[in-house]
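Number of protein chains: 2
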Amino acid sequence: MALIVQKYGGTSVGDVERILNVARRVKETYDAGNQVVVVVSARSGVTNELIARAKSISSKPDNREMDMLLCVGEQETIALLAMALQSLGVPAVSRTGAQAGMLTDKSHTKARITGVTGGDIPDRLAEGKVVVVAGFQGQTSDGEMTTLGRGGSDLSAIAIAYALRAQICQIYTDVDGVYTADPRVVKTAKKLKEMSYDQMLELASSGSKVMQARAVEFAQKFNVPFEVRSSFNNNPGTIVKKKISSMEDFVVSGVAIDNNESKITLRGLPDDSVTVAKIFQALAEDRIIVDLIIQNVGHDGLVNLTFSVNTDDVARAEEVVNKCLSQLGIKSTAQNAGKIAVVALVGVGMISNSGIAAKFFKALSEKNIKMQMIATSEIRLSAAVDPSQANAAAEAIHEAFELGKDI
Amino acid sequence: MALIVQKYGGTSVGDVERILNVARRVKETYDAGNQVVVVVSARSGVTNELIARAKSISSKPDNREMDMLLCVGEQETIALLAMALQSLGVPAVSRTGAQAGMLTDKSHTKARITGVTGGDIPDRLAEGKVVVVAGFQGQTSDGEMTTLGRGGSDLSAIAIAYALRAQICQIYTDVDGVYTADPRVVKTAKKLKEMSYDQMLELASSGSKVMQARAVEFAQKFNVPFEVRSSFNNNPGTIVKKKISSMEDFVVSGVAIDNNESKITLRGLPDDSVTVAKIFQALAEDRIIVDLIIQNVGHDGLVNLTFSVNTDDVARAEEVVNKCLSQLGIKSTAQNAGKIAVVALVGVGMISNSGIAAKFFKALSEKNIKMQMIATSEIRLSAAVDPSQANAAAEAIHEAFELGKDI
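If you read the sequences in order, they're chains A and B. Going letter by letter, the first sequence gives residues 1 to 407 in our numbering. Going letter by letter, the second sequence gives residues 1001 to 1407 in our numbering.
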């Protein structure tokens, strides 16, 4: 008998039929003698509908009220899934994020977890019940509802798995694992059996869309193993954990595409590290994640700075940066410089193997794809390209590194 | 400056435009220097949608999970209305039923209020904020979400008004007050300026559909004055309070129609009061409200019993009664005897004025309307008729008592 946390995303619980399908899968795991905790998202589309309704009332809805509103989505699915399990004869009970002891800070709509107790879940499991927990939600020490931001349900699942010392956390999605590239874009993409947190992290932050980086970071920090698998079939998924065996022989594990980034440009900044540091600190305090950064020398000893953020955050990022600049007394304005796509190659030992960057650049140049920005890390090599060329870039890189070959 | 509690029902907050309309009305009251607490229902249709979704998953969804599900509806509207108020420059904050200190027993989906503290509402009002409270919801001492049952938001508003010692509780609806009869049925129906709790109670329990009886009972018990008025115009409504002035001269105040009742028949019960008492006690314990009751002598010293309940409760009532009969060892079965409409004349001193019943029966007989059951109380005279004749019956009674005449 194992304690298993399963997380089902919005597509998997999109309608009544799919909720019943999830209940049947949970029942299989339960009937096999396991203790099961299920973490669910809102039905797909519901969160966006709620946001649209809020935006039609106010162009800038209050974040505290936004959280009150958004918590509705998951609360619906936990109740429906608990009912579905009961209808199959599986004793089940639902818990909101607050009831599951998901404690957060007060940053509404982007709250960070400060602790997770699991609430009374162990007692309910001991009674033989399946516990259905609302992902995405938390509660402050004052009893205010919060949400964890984009992809928060993955984070909820990992955190609950940690709190309960679960044997495994299964992340069910609409893909059946992590591939060497997006299979819809690159036909020869191949599923990985195992990978490390670091590699997953780079794929996630590069927009592989399987999981958000925060959830993987949390899993890495607290060493929570998890498996990414499909809720629509029984194929084995991709296991993400600390040590990996088969992957150690490879250099490169996959190609990721993020089509939802935009560039922000700042011209004429003083050439000192203080200014840049303050700008990125202001963005960090507002929980805006910056991906690529480039700094160029401009005129008269001044520098130009360009960085990329998620397109949804562009307006807010401009505002934050401009406020920061005016506080610093600097005459420069942040400007939205349009959408980009970031194509990234992820693997181990990227930097120590100089041939990789060369091969990467050659693959793109052969297809006449211009790189607007470049960034490297231990395990990632990223290039910003025009969104219209993103897929071609991914295919070119996938082919150059022969990622479709059998291992 | 007064402390005013305003309650808006589902139709009044049915969509974004109507929510903004409510916000504008609240702003008017706030701008006039009042402290305002707003209690809202779910958008019209939302609760039924949620119930339908639950029923498509399970024919008998668990009540605890049903409450978890239904609380979603009001939580959406409080957030949207708070945003709408903020967008008009009115500082506002939302509170769930639990946060507003609405304490209930553990009877999920039909919870009864055990206490109401108002939570931190007085502090927020003192800060100059409008507080938007979710109607219909409560919380048990264990922190479980509950709902108050049909019409629960009216009850929430009255209870909050009581807890905060509000000067008045305004119940906004889609009608602009209480009429002598349903104006859609009886063209000459007239709006009442004032009435007593008792009269309102009889109109409410007879299905005037303006308010549920429980809310009026609570108001009466704790002497909370309230006004029924329209959210679509500024007409003065009907004030319901302990003492009334102008009404004391009248005998009859109005005609009510309830189209949503059904008869249950029990044949061959022993002719003792114990059996009947046990049956109605079992129904009461299950919170099923019985309206009309008739007992006839049947064969062999046995009696037949017929009573009416809300059509939504028929299946459950049959179940409860049959369980009770089998426990008592009585060979009889509760049978659903079909739908009825109850037409009631409400006023003061009904019983002491014998001419009233005679006039009532004559009005119906002249239209060849058969009465299936009859019941009287201090202030109500009710007859069950075939649903197809309900409107004709109401018109006949309204005309016979000249209720359309100017006072």
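A virtual CB, placed ideally from N, CA and C, is assigned to each residue, including glycine.
Rounded Cβ spacing between residue i and residue j (contact assumed at less than 8 Å)
i	j	result
S28(A)	M1083(B)	In the sequence as presented, Ser is not what sits at residue 28(A); that position holds Glu. E28(A) to M1083(B), Cβ: 42 Å. No contact.
A1337(B)	I1264(B)	6 Å
S332(A)	S262(A)	In fact, because the Cβ distance is near 18 Å, the residues do not count as touching under 8 Å.
D1015(B)	R1043(B)	7 Å
G9(A)	T173(A)	6 Å
I1019(B)	V1013(B)	5 Å
E1366(B)	A1396(B)	7 Å
V1036(B)	V1026(B)	6 Å
Q1212(B)	D1154(B)	6 Å
A1113(B)	G1138(B)	Checking the sequence, you will find Ile at residue 1113(B) rather than Ala. With 8 Å as the limit, I1113(B) and G1138(B) qualify as a contact, their Cβ atoms being about 7 Å apart.
A1092(B)	V1130(B)	4 Å
L364(A)	V252(A)	Not quite, the Cβ-Cβ distance comes to about 15 Å (not below 8 Å), so this is no contact.
Cβ neighbour criterion (16 or more within 10 Å) applied to residue i
i	result
A1161(B)	buried
Q1281(B)	exposed
Q327(A)	exposed
S273(A)	exposed
G1143(B)	exposed
F1401(B)	buried
V1216(B)	buried
R165(A)	exposed
R124(A)	buried
D31(A)	exposed
M1(A)	exposed
Of the residues the options, the one placed nearest residue i, counting alpha carbons only
i	options	result
A393(A)	D258(A), V320(A) and I289(A)	D258(A)
T1238(B)	I1264(B), I1171(B), K1367(B) and V1224(B)	I1171(B)
A1159(B)	L1266(B), F1218(B), E1202(B) and E1144(B)	F1218(B)
K1191(B)	G1254(B), A1166(B), Q1199(B) and G1138(B)	G1254(B)
G1152(B)	L1125(B), Y1197(B) and R1214(B)	R1214(B)
Q1295(B)	E1285(B), V1276(B) and R1287(B)	V1276(B)
L292(A)	V186(A), V72(A), M373(A) and R112(A)	M373(A)
A100(A)	S87(A), V240(A), I78(A) and T109(A)	I78(A)
L80(A)	E1076(B), L1081(B) and S1059(B)	S1059(B)
Q1199(B)	L1381(B), T1011(B) and A1400(B)	L1381(B)
A45(A)	P61(A), L325(A), V72(A) and V36(A)	Contrary to the premise, residue 45(A) reads as Gly rather than Ala in this sequence. The candidate whose alpha carbon is nearest that of G45(A) is V72(A).
D300(A)	V93(A), T188(A), D271(A) and I288(A)	D271(A)
M145(A)	N223(A), K106(A), A166(A) and V342(A)	K106(A)
A1317(B)	G1347(B), A1284(B) and L1345(B)	A1284(B)
S1377(B)	V1240(B), G1347(B) and V1130(B)	G1347(B)
For residue i, the three-state DSSP class (helix, strand or coil)
i	result
F1307(B)	strand
V1381(B)	Note on identity: in this sequence residue 1381(B) is Leu, with Val being the wrong assignment. L1381(B): strand per DSSP, three-state reduction.
C1241(B)	Reading the sequence as shown, one finds Lys at residue 1241(B) and not Cys. Three-state DSSP puts K1241(B) in a strand.
A375(A)	strand
T1029(B)	helix
I1369(B)	coil
G1152(B)	helix
S326(A)	helix
S332(A)	coil
D1015(B)	coil
K7(A)	strand
M145(A)	strand
I279(A)	helix
M247(A)	Reliability of the predicted coordinates at M247(A) is poor, the pLDDT of 46 falling under 50, and no value is obtained from them.
Q295(A)	strand
D286(A)	coil
L1070(B)	helix
M1001(B)	coil
N391(A)	helix
N260(A)	strand
Q137(A)	strand
R184(A)	coil
V1255(B)	strand
M1195(B)	strand
L1164(B)	coil
M211(A)	coil
L1345(B)	strand
V1320(B)	helix
Residues that residue i contacts on chain E, provided the C-beta gap is smaller than 7 Å
i	result
P61(A)	No chain E is present in this structure, whose protein chains are A and B.
beta-carbon residue i near the ligand ADP non-hydrogen atom, thresh 7 Å
i	result
G1119(B)	Because no ligand of any kind appears in the structure shown, any question about the ligand ADP cannot be addressed here.
Contact the stretch 92 to 99 of chain A vs the stretch 115 to 125 of chain A: 3+ CB pairs below 8 Å: Output reads yes: the stretch 115 to 125 of chain A touches the stretch 92 to 99 of chain A.
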